Each structure stands twice: as C-alpha cells, then as structure tokens.
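S.K.:
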Amino acid sequence: DVKVTQSSRYLVKRTGEKVFLECVQDMDHENMFWYRQDPGLGLRLIYFSYDVKMKEKGDIPEGYSVSREKKERFSLILESASTNQTSMYLCASSRGTSGQQETQYFGPGTRLLVL
Amino acid sequence: QQQVKQSPQSLIVQKGGISIINCAYENTAFDYFPWYQQFPGKGPALLIAIRPDVSEKKEGRFTISFNKSAKQFSLHIMDSQPGDSATYFCASLTTDSWGKLQFGAGTQVVVTP
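Chains A and B, in that order, are what the protein sequence lines are. Residue 21 in this note's numbering sits at position 21 of the first sequence, and the numbers go up by one each step. Residue 1097 in this note's numbering sits at position 97 of the second sequence, and the numbers go up by one each step.
#1: With distances taken from CA atoms, which of B:Arg1061, B:Glu1059, B:Val1054, B:Gly1060 is nearest Asn1067 of chain B?
#2: Give me the chain A residues within the contact set of Phe1103 of chain B, using Cβ-Cβ distance strictly less than 7 Å, ordered along the chain.
#3: Using a Cβ-Cβ cut-off of 7 Å, state whether Pro1044 of chain B counts as contacting chain A.
#4: Kindly indicate the opening and closing residues of the beta strand (DSSP E) around Pro1034 of chain B.
#5: Taking only beta carbons into account, state which residues of the segment 71 to 92 of chain A come closer than 9 Å to chain B, listed in chain order.
#6: Inspect the beta-carbon positions of Gly1043 of chain B and Pro108 of chain A and report whether they are closer than 7 Å.
#7: Can you name the residues of chain B whose CB is closer than 8 Å to the CB of Gly107 of chain A?
#8: What did DSSP end up calling Gln85 of chain A once you bin it into helix, strand or coil?
#9: Taking the straight line between their C-alpha atoms, what separation do you get for Tyr47 of chain A and Pro1034 of chain B?
#10: Please determine, among B:Ser1080, B:Ala1070, B:Pro1113, B:Phe1103, the residue with the shortest C-alpha to C-alpha distance to Ile1020 of chain B.
#11: Under the three-state reduction of DSSP, which class applies to Asp1053 of chain B: helix, strand or coil?
#12: Mind checking if Tyr10 of chain A is an interface residue toward chain B, Cβ cutoff 7 Å exclusive?
#13: Against Thr103 of chain A, what residues of chain B qualify as contacts under a CB-to-CB distance less than 7 Å, listed in chain order?
#14: Which residues in chain B have a C-beta closer than 7 Å to the C-beta of Ser94 of chain A? List them in chain order.
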C-alpha cells in the first residue's frame, strides 16, 4: 500500500512565523502535490513537483514556496504566515508517468491555525 | 475560478436511498474524470474514475454517468449506507498536465439510518 505521511496533524502558529509542512511518500513516486482544502472551495493546488529539485506553481502559489531535495520528501513553506493561510493542507503523490491518468494518494492532512 | 462546478454542496439521504452528485466542466481538453471520497480526519481517496469514451462506469453500488456533449458527469450511490457518509469530490484533468487534477468544491453526504 502507498503511504503518504505528513509531519503534523495540527499546528498552531503566530502571524509572521515561518512554517514548514513536511510530506513523505514511500512508493518511489515521481509526482508530489500540495493542496489546501477550504469549505466550499474544494482542493486547490498550491505547488507540485515532478522530479527532485523540480517544482511548478499551481493555482494559488502566492505566499508559499516548496522544496524537494529528495524524491520521497516534499516540503511546503509559509515564509511569513498570515491568518488567511489558516486551512487544511493536504499532500499527495502519484506514480508520475507524464501524460498518464493516475491515482493521487493523499496524506491525512495538516490542520494549520495561524493566530 | 473553479474549472469544475459541483452540486449540491450537501446531501442528506436515507439508508437505502440513492445519492446523486453532479459536476460540470468547461474545458473540453479534460479527458479523465475521477471521483474522490474523503472521510473525516482522512485524506481523499480515489473511489471511481471514467474516461470520456464511455458513458457509464459502475463499480459495486457506485456509478459514474458521463455526458460529453453536455460536459457533465455525475456520481450515483445506490442503496446508500451510513458508511457512505463522507465528502465526495469530482475532479478532471488533461493527460498533458503532469497529472494536475482540477477539483470540484465537494459534496458532504450524510446517510441517515
């Protein structure tokens, strides 16, 4: 079974703090994704990565950055957390055959509260 | 602006009833339409998916109906059970998009005993 783990289930941070959300997958997947989930808005893609050190912006990248130094690990960074970044953050991975219709496997999510 | 519009936002159905969730899209380049199921405290998981060369796909009590000309697809949950209570997301992608899914807003389904 594919397993995607996220470093924290719940986080509380202060406005202006730098926040790191970590995601690890154990199936040697090429693609990794970061989404945020908000009620009534569904899942919105923040960033994705199709290879180590490669990243692409998603639909809502403003205020976020990412890092992928190793294939299994994809980090989401909030450079200076703001209250409007309070949300559920979901990491996902997929096998990564470019152009293929693939299943994305999700982690359990990190609920972030920025005060 | 969401590329996939999903309705209703929430749905209450009695045990044994049929749950129907609808999605509509504009981008005719979409060529894969999965549905994801999310239970509280869990990440979404793939439930069922369809490609536009077929009009219907059935897996157990779950059926996707696809209308290419209307650019609509829907999920039917037959004989709904309390264990089906979850949030359901429709999604779409184009095969040249690195697997980037466009998700609908989600439908919270509650099945009452």
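Virtual Cβ for every residue (Gly too), placed ideally from N, Cα, C. Predicted model only: the values in this text are computed from it and were never measured.
M.R.: Judging by the given coordinates:
#1: B:Val1054
#2: Gly42, Leu43
#3: yes
#4: Residues 1033 to 1038.
#5: Leu90, Cys91, Ala92
#6: yes
#7: Those are Gly1043, listed as they occur along chain B.
#8: helix
#9: 20 Å
#10: B:Ser1080
#11: Taken through DSSP and simplified to helix, strand or coil, Asp1053 of chain B comes out as coil.
#12: no
#13: What Thr103 of chain A touches in chain B: Leu1046.
#14: Residues of chain B passing the Cβ test: Gly1099.
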